[in-house]
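Structure first, then comments.
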Amino acid sequence: CQLLSPSGIHLANVSSRKATWYVSQGLGEQLDSGVDDKMVVKLKFEPKGVGHAGDEFYLQVMENRCVGCASVERLVRFSIVPHVFRSQLPARFKEHSSHDIVLLCHACYVPASEASQAMRSRLLMECSIAECNGLDVNARRFHIDDKKMQARGAASALRHPHLPHDVRLAKEAVVREFLGIPDDVELTPDDVEAARTMDPK
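1 is the number of the first residue of the sequence shown in the working numbering; add one for each residue after it.
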């Protein structure tokens, strides 16, 4: 749905739920878009900023498709920049932005996640946490254990109830391998929690 300023400037694309909220709160009026399934809401107040006006990336119609194979089935959100690194970036890069979030189908998610984990591990080896914080490399006080980081990340992912089955199996395998639990032994919630809360240093 398009969100317009009182003067008609296209500020952003928003969900139909948010657009309906503006109308129901008396903050906007629904306009006739000429297209049955396209809602356009014109704000009744002047916003503080111009949103994404003029930014073609944000104003284009976004389709829910896998960026790897264009599938529209079983999509999950995937962060290009791991959160551990995002936290080290300047504030302007940490602001709400969808550039870093892409949609992947389950088939594309597994290899992308594995590649992301490998790159993350490599970067953590090359750049200690001390370096990321702008401190002297020699001031490093601890070492990040890559295997612990992978197991902890996999265990955290297992807490999500809607995790795709194949992704869940892959994450369980990482936790099992780290904890030394064979495939024929049940992986308990306590096992997952132990891996999730361990210190990676």
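All C-beta atoms, glycine included, are put in the ideal place defined by N, C-alpha and C.
By the neighbour-count criterion, in which a residue is buried when 16 or more other Cβ atoms sit within 10 angstroms of its Cβ, G28 is buried.
CA-to-CA, the gap between G180 and R196 works out to about 15 Å. For the set E126, P161 and A157, the Cα lying nearest the Cα of D146 is the one of E126. The DSSP-derived three-state label of R196 is helix.
Residue state for Q88 is assigned as coil, using DSSP reduced to three classes. D32 counts as exposed, since fewer than 16 other C-beta atoms from the protein chains shown sit within 10 angstroms of its C-beta. Residue burial annotation: S113 is buried, with at least 16 other C-beta atoms found within 10 angstroms of its C-beta.
When DSSP states are grouped into helix, strand and coil, Q25 belongs to the coil group. The DSSP-derived three-state label of C66 is coil. Using a Cβ distance threshold of 7 Å, L4 and K42 count as a contacting pair.
Going by beta carbons, A155 and V185 fall outside the 7 Å limit. L169 is bridged by DSSP to nothing; it lacks a bridge partner.
For S121, there is no enclosing beta strand (DSSP E); the residue is found in the alpha helix (DSSP H) stretching over H106 to E126. The C-alpha of L158 lies about 7 Å from the C-alpha of K171. By DSSP's assignment, A12 forms a beta bridge with L3. For the 7 Å CB-CB criterion, D190 and H106 do not form a contact.
By DSSP's assignment, S71 forms no beta bridge with any residue. Inclusion of G68 and L124 in the CB contact set at 7 Å is not warranted, their separation being larger than that value.
Looking at the DSSP output, I101 shares a beta bridge with S79. Within the same chain, Cβ atoms closer than 6 Å to the Cβ of V81 are found at D100, the five residues on either side in sequence being excluded. Taking a 10 Å sphere around the C-beta of R86, we find fewer than 16 other C-beta atoms and assign the residue as exposed.
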